[in-house]
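Colleague: This is the structure, below, for whatever I ask next.
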Amino acid sequence: MTATVHVDLPGRAYDIIIGPGVLDQAGARIAAMGGRRHICILTDETVAGLHLASLQASLAAAGLTSQALALPPGEGTKCWAQLERSVEWLLAQKVERGDIVVAFGGGVIGDLAGFAAAILRRGVRFVQIPSSLLAQVDSSVGGKTGINSPIGKNLIGAFHQPSLVLADTALLGTLTSRDFLAGYGEVVKYGLLGDAAFFDWLEAEGPALARGDMAARVRAVTRSCQMKADIVQRDETEQGDRALLNLGHTFCHALEAATGYSDRLLHGEGVAIGCALAFELSARLGLCSQEDPSRVRAHLRDMGMKVDIADIGGDLPDAAGLLALMGQDKKVVDGKLRFILARGIGDAFITSDVPREAVLGVLQDALDQTRR
């Protein structure tokens, strides 16, 4: 049941190996990459408690020694303090330029460890072993690494491609329902931005996927990774098409900032809400039919996910405050917000030509629902 997606970047090509049990192959695959026989692992305390022993056993079976640094779980770890801690630990481990750092965890660890690898000795190799659905389908692929600033999310970082990605879908069985569904927000995004048939399949198979159907999980992760790989190959550093992968993210990042990057709103939950808002904005601008945002919301609700701003709970800034937070997004160009909008399900596009009043109207109506 193992699948392979090849990311074909000149001089930086790598494979994404997807399926249950691929963690057991980690030692053999990493040993085959050469370099020092000592592997440094950056992980978080939760993943370490569940899976670190299995990874280290696989490395040992291939004749590799390893040490791990377990960081606190959560978005707050993507900060200067934990980056400094990680880099200094890697230097203390005497990591050399030809060595391999392993990022073992969800999107937070992948982003942080990848950035540490990018700046350590001006760049060392690293392997992504994503443990969450969100990381397997999105953040572990494509080479975006970084940390957050109080001003905004992912504003400090670098493009640094992994040398290998091992997406063990069996690890998804240890996720909480909330964490799994948060990752599913990124899966849905791929169907919405460029593959209507995939969205059709998710409408039919999403509930089975959530219940643990392994074949469905492998297919969903594989298709998501293939779509991302295709886009990254065309536009590695987000000069054009790669911005399509940010469908829902302009709204999402503002909502994450408004909730303090806390557990009130997980990243994938923000993406799901952001996708619904992006389709609502598209419909109001006459770009797609009103049935499209209704269909998006219906599927997310069927999956038991957050769909609207009202689902976040607690106090939030007003519409103007949320729009101001959007202004800190990386997708601002010449002071203009870039939105990913849609002409229909599976047909997204990039534009900076969005009236401020239309965005404020969508946000105001969404906030009004929280007061009903």
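Using my numbering, read the sequence shown as starting at 63 and increasing by one per residue. Glycine included, every Cβ here is placed at the ideal spot set by N, Cα and C. Source: prediction; values computed, not measured.
1. Leaving out five residues before and five after L343 in sequence, what residues of the same chain have Cβ atoms less than 8 Å from its Cβ?
2. Take F221 and list the residues in its own chain whose beta-carbon comes closer than 6 Å to its own, dropping the five residues that flank it on each side.
3. DSSP state of L281, grouped into three classes?
4. So if DSSP puts C102 in a beta bridge, which residue, or which two residues, is it bridged to?
5. Measuring straight from C-alpha to C-alpha, what distance separates V280 and D70?
6. What does the Cβ neighbour count give for K251, buried or exposed, with the cut at 16 atoms within 10 Å?
7. Hey, quick one: how far does the alpha helix (DSSP H) through G111 stretch, first residue to last?
8. Pick helix, strand or coil for I374, following the three-state DSSP scheme.
9. Do you know whose CA, among H311, L104, D200, lies nearest M388's CA?
10. Should R405 go down as buried or exposed, given a rule of 16 or more other Cβ atoms within 10 Å for buried?
11. Please work out which residues of its chain come closer than 6 Å, Cβ to Cβ, to V84, disregarding the five sequence neighbours upstream and downstream, and give them in chain order.
12. For K140, is the classification buried or exposed, using 16 other Cβ atoms within 10 angstroms of its Cβ as the cut-off for buried?
13. Tell me which residue opens and which closes the beta strand (DSSP E) that K206 is part of.
14. May I ask you to report which of helix, strand or coil DSSP gives D380?
15. Do the segment 86 to 93 and the segment 142 to 161 make contact, defined as three or more Cβ pairs closer than 8 Å?
Modeller: So, from the listed chains and residues:
1. For the purposes of this step, residue 343 is identified with residue 281 of the sequence shown, where counting begins at 1. Closer than 8 Å at Cβ, skipping near neighbours: F401, L403, V416, A420, V421, V424.
2. Here the question's residue 221 lines up with position 159 in the sequence shown. G205, T299.
3. On the sequence shown, residue 281 is found 219 positions in, with the first residue counted as 1. Here residue 281 turns out to be Arg, not Leu, going by the sequence shown. R281: helix per DSSP, three-state reduction.
4. Residue 102 sits at position 40 when you count from the first residue of the sequence shown. Partner(s): Q129, V163.
5. As a first step, residue 280 is located in the sequence shown; it is residue number 218 there, counting from the start. As a first step, residue 70 is located in the sequence shown; it is residue number 8 there, counting from the start. Cα-Cα distance, rounded: 21 Å.
6. Against the sequence shown, residue 251 aligns to sequence position 189. It counts as buried.
7. As a working note, residue 111 is residue 49 in the sequence shown. Counting along the chain, G111 falls outside any alpha helix (DSSP H), and DSSP gives it neither H nor E.
8. Within the sequence shown, the letter at position 312 stands for residue 374. Of the three classes helix, strand and coil, the one that applies to I374 here is coil, per DSSP.
9. Counted from its first residue, the sequence shown places residue 388 at position 326. Closest option to M388, Cα to Cα, is H311.
10. Here residue 405 refers to the residue found at position 343 of the sequence shown. R405 comes out exposed.
11. In the sequence shown, the residue the question calls residue 84 occupies position 22. Around V84: L228, D230.
12. Within the sequence shown, numbered from 1, the residue matching residue 140 stands at position 78. Answer is buried; the Cβ neighbour count reaches 16.
13. Counting from 1 along the sequence shown, the entry for residue 206 is found at position 144. Where K206 is concerned, the enclosing beta strand (DSSP E) stretches over 206 to 211.
14. For this step, residue 380 is matched to residue 318 along the sequence shown. Correct three-state label for D380: coil.
15. no
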